[in-house]
Amino acid sequence: MDVTEDLSQYPLELTGDDVPMVRFLQVTKRYGSLTVLDHLDLDVVEGEMVTIIGPSGSGKTTVLRTLMTLERINEGVIYVDGKPLTHMERDGKLVPASQKYLRGMRSKISMCFQHFNLFPHMTALENCMEGPVHVLGIPRQKAWERCEELLEMVGMADKRDQYPSRLSGGQQQRVAIARALAMRPKIMLFDEVTSALDPEVIGEVTNVIRRLVSEHSLTMLMVTHQMGFARDIADRVCFFLGGRIEDQGAPEKLFGNPQRKRTQQFLRAVKEAL
Ligand code: ADP
Ligand code: MG
Numbered sequence: 056m057d058v059t060e061d062l063s064q065y066p067l068e069l070t071g072d073d074v075p076m077v078r079f080l081q082v083t084k085r086y087g088s089l090t091v092l093d094h095l096d097l098d099v100v101e102g103e104m105v106t107i108i109g110p111s112g113s114g115k116t117t118v119l120r121t122l123m124t125l126e127r128i129n130e131g132v133i134y135v136d137g138k139p140l141t142h143m144e145r146d147g148k149l150v151p152a153s154q155k156y157l158r159g160m161r162s163k164i165s166m167c168f169q170h171f172n173l174f175p176h177m178t179a180l181e182n183c184m185e186g187p188v189h190v191l192g193i194p195r196q197k198a199w200e201r202c203e204e205l206l207e208m209v210g211m212a213d214k215r216d217q218y219p220s221r222l223s224g225g226q227q228q229r230v231a232i233a234r235a236l237a238m239r240p241k242i243m244l245f246d247e248v249t250s251a252l253d254p255e256v257i258g259e260v261t262n263v264i265r266r267l268v269s270e271h272s273l274t275m276l277m278v279t280h281q282m283g284f285a286r287d288i289a290d291r292v293c294f295f296l297g298g299r300i301e302d303q304g305a306p307e308k309l310f311g312n313p314q315r316k317r318t319q320q321f322l323r324a325v326k327e328a329l
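According to this note's numbering, the sequence shown holds residues 56 to 329 in order.
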């Protein structure tokens, strides 16, 4: 059983000049007796690209899934854009967020998964339009224009009328990125989006993400096993171990001159596995 946590220690909202886009404050997530996130503190500022690396089982996916509100947390509070995400205010106090509150907050965040999860019975364009039309209530014509533009951006405009089964993995993933962007999120989450791809198509997906980083002011969190890509693209790299941030810093520092033993061990092991 969870001991009920005293939520009065957490602010109702974040104020001041330096409010981050995302703040995890003492976030703990457990599955039964297994602690997957352990009093995690993590800030991501607006427009920042943070990559998350670390061994399997260290809690990387869970960080993204709790932020996407796909998982409830056991302790702590997550804030998005200064407002609580996992909780809401009632009578001047924080209480766990209702489904309705979560739905409202979730619209600020989109996520792309390792397995692209496109709707198989819909074309590329219909996949992209589904959320804007049915969740956001945007008029079809307007959603259509926006989705055309996004498919163009990911280099998939000429395949807009194809069904996913007719597309390669790299193409499906690019459609999935366009679909996520069609929701106009402030925050984009990527969970090992190249892991299920054949090596020769990985570049088409990483190039789309590179473009997003250079041309848009989105706030992004990306879990990846591609150390070279993480190094190139990140403003900051977080090394996860046991549900905590074991080490973090600018990519040139973390990869080029890691100070902590555990980071050195992990990077050596990854290198040897290549
Ligand atoms: P990573 O993405 O770093 O490999 P995850 O965040 O997916 O790690 O998982 C962290 C730990 O939580 C793992 O030990 C995993 O087995 C466990 N876990 C994840 N999801 C569940 C779940 N739904 N039920 C039970 N355990 C889970
Ligand atoms: Mg994972």
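By construction, the Cβ of each residue, glycine as well, lies at the ideal position given by its N, Cα and C atoms.
Collapsed DSSP secondary structure at M56 in the structure displayed: For the purposes of this step, residue 56 is taken as residue 1 along the sequence shown, with counting starting at 1. Residue placement at M56 is poorly supported in this model, since its pLDDT is 45, which falls under 50; the coordinates are not used for a value here.
Taking the alpha-carbon positions, what's the I300 to H94 distance? Residue numbering aside, residue 300 sits at position 245 when the sequence shown is read from its first letter. Residue numbering aside, residue 94 sits at position 39 when the sequence shown is read from its first letter. Approximately 10 Å between the Cα atoms of the pair.
According to DSSP, is P139 helix, strand or coil? Taking the first residue of the sequence shown as position 1, residue 139 is located at position 84. Residue state, collapsed to three classes: strand.
Our contact map puts I333 next to V292 with C-beta atoms below 8 Å; I'd like the distance itself, whole angstroms only.
Because the chain spans 56 through 329 in this model, residue 333 falls outside it and cannot be assessed.
In the DSSP assignment, what residue or residues form a beta bridge with T274?
The count along the sequence shown starts at 1 and reaches residue 274 at position 219. In the DSSP assignment, T274 forms a beta bridge with I242.
Are there any heavy atoms of the ligand ADP lying less than 6 Å away from the beta-carbon of T117, as far as the coordinates show? For the purposes of this step, residue 117 is taken as the residue at position 62 of the sequence shown. T117: yes, Cβ under 6 Å from the ligand ADP.
| task | Can you give me the Cβ contacts of T124 inside the same chain, cut-off strictly under 6 Å, excluding the 5 residues immediately before and after it? | result | Against the sequence shown, residue 124 aligns to sequence position 69. Contacts found: L157 and R161.
**Proximal residues to R143 (C-beta, below 6 Å), its chain only, five neighbours per side dropped** = Counting from 1 along the sequence shown, the entry for residue 143 is found at position 88. One detail in the question is off: residue 143 reads as Met in this sequence, not Arg. Within the same chain, A152 and Y156 come within 6 Å of M143 by CB-CB distance, once the 5 residues on both sides are set aside.
| query | Of the residues P194, L276 and E307, which one's Cα is nearest the Cα of G102? | reply | Translated into the one-based positions of the sequence shown, residue 102 becomes position 47. The shortest Cα separation from G102 among P194, L276 and E307 belongs to L276.
* Asked: Is the closest heavy atom of the ligand ADP to the C-beta of V268 under 6 Å?
  -> Taking the sequence shown and counting its residues from 1, one reaches residue 268 at position 213. Checking every heavy atom of the ligand ADP against the Cβ of V268, none is found closer than 6 Å.
Exercise. So what does DSSP say about G197, is it helix, strand or coil?
Worked result: Here residue 197 refers to the residue found at position 142 of the sequence shown. Here residue 197 is Lys; the residue named in the question, Gly, does not match the sequence. K197 falls in the helix class under three-state DSSP.
Between M56 and the rest of its own chain, which residues show a CB-CB distance below 6 Å, the 5 nearest in sequence each way excluded?
As a working note, residue 56 is residue 1 in the sequence shown. Bear in mind that the predicted position of M56 carries a pLDDT of just 45, short of 50, making it too unreliable to give a figure here.
- Task: At 4 residues or longer, and completely inside the segment 103-156: list those alpha helix (DSSP H) runs for me, N to C.
- Result: 115-122
Check your understanding: Cβ-heavy atom distance between S250 and the ligand ADP below 6 Å?
Key -> Mapped onto the sequence shown, residue 250 falls at position 195. No - the ligand ADP has no heavy atom lying nearer than 6 Å to the Cβ of S250.
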